[in-house]
Amino acid sequence: MRDLEKPYHLKNKLGHPSIEDVAIQHNELLQNMLSFPTKNTLNVSETMTSPLQTPNDRYKNYLLQQIKTYNETSDKE
Numbered sequence: 007m008r009d010l011e012k013p014y015h016l017k018n019k020l021g022h023p024s025i026e027d028v029a030i031q032h033n034e035l036l037q038n039m040l041s042f043p044t045k046n047t048l049n050v051s052e053t054m055t056s057p058l059q060t061p062n063d064r065y066k067n068y069l070l071q072q073i074k075t076y077n078e079t080s081d082k083e
């Protein structure tokens, strides 16, 4: 709903969010992804997948899950 608050010239002719608004949303998503997940934020299935997973693998899975969640919520709007 943020694009409704923007002046008309920041929206395109069809009323879709402007490039600036999309950039702000992507920046917010990146900022959220950069905060390293704690053990409480991970699903049990993610922590139990493989005993050989490195912290980097777990973090990569976390980021992929965040992107998937973001895409699902942005599709609903």
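Residue numbers for the sequence shown follow my numbering, beginning at 7 and rising by one. Glycine residues also receive a C-beta, built at the ideal position from the N, C-alpha and C atoms. Fair warning: this is a prediction, and the values are worked out from it, not measured in the lab.
CA-to-CA, the gap between T60 and N67 works out to about 11 Å.
Residue range 61-82 is occupied by the alpha helix (DSSP H) that includes T79. Closest in C-alpha terms to L36, from the list E26, D81, Q72, comes Q72.
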